[in-house]
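Q: After the C-alpha cells below, expect a handful of questions from me.
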Amino acid sequence: MATALLDMSNTLLHTAKALNYTVPAVPSLGGAKDLAFKAFALTFFICRVVMPPFALIKPGLTDGRLMPVTSYYITNGLLLFIYSLQLFWFSKILKIAVGLDGGGDSDDVPASKTRKVAATAAGENRVKGE
209 MATALLDMSN
219 TLLHTAKALN
229 YTVPAVPSLG
239 GAKDLAFKAF
249 ALTFFICRVV
259 MPPFALIKPG
269 LTDGRLMPVT
279 SYYITNGLLL
289 FIYSLQLFWF
299 SKILKIAVGL
309 DGGGDSDDVP
319 ASKTRKVAAT
329 AAGENRVKGE
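Residue numbers (my numbering): 209 to 338.
Here it is as C-alpha cells:
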C-alpha cells in the first residue's frame, strides 16, 4: 500500500519534467507546463503529506505492536524517516511552485553561475570587438 500511495504523483512529475524540457522548443506549452507542475504539487501534497499519517504511520504504530519488537522499531523508524523526506521535498516543491527557486534555467546550474557565464561571454565578445 505504501508504494501505491507514494507513487501516485510520479506520472505527473514526469509529465511536468517533459514539458519543462519541451518549452524552449515549443513556447506555447508554457501554460501546460505550469498546470502539470501544479497538478503534481497538489497530488504530491495529498498522497505524500496528508494521507501517510493516517494510512501508513498510524496503522504501523498501533497495529504493528503485534510484530516482533525489533521489526516494529525498524519498520516504523523507516516509515517516519520516509515521511520526513516527503516533508522536506514538499517544502522544495512549494518554493518552485511559488517561484522562490532563484529562477535558474537549468536544474544543475545555479542562476548566479549562469549569469557569470553570460557576463563572461559578453565580456569576451566586447574584448574581441575592440
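Cβ atoms here follow ideal geometry from the backbone N, Cα and C, with glycine treated the same way.
Computed from a predicted model, the values in this text were never measured in an experiment.
Provide the residue span of the alpha helix (DSSP H) that contains SER279, from first to last.
A: Taken as a continuous stretch (DSSP letters only), the alpha helix (DSSP H) holding SER279 covers 277-306.
Q: Taking the beta carbon of LYS241 as the centre, do at least 16 other beta carbons fall within 10 Å, making it buried, or is it exposed?
A: When all chains shown are included, LYS241 counts as buried.
Q: Indicate whether LEU274 and PHE248 have their beta-carbon atoms separated by less than 7 Å.
A: No, Cβ-Cβ distance for LEU274 and PHE248 is not below 7 Å.
Q: Between the stretch 277-286 and the stretch 245-259, do at least 3 Cβ pairs fall closer than 8 Å?
A: The stretch 277-286 is not in contact with the stretch 245-259.
Q: Can you say whether ALA210 is buried or exposed, counting buried as having 16 or more other CB atoms within 10 angstroms of its CB?
A: Flag for ALA210 reads exposed.
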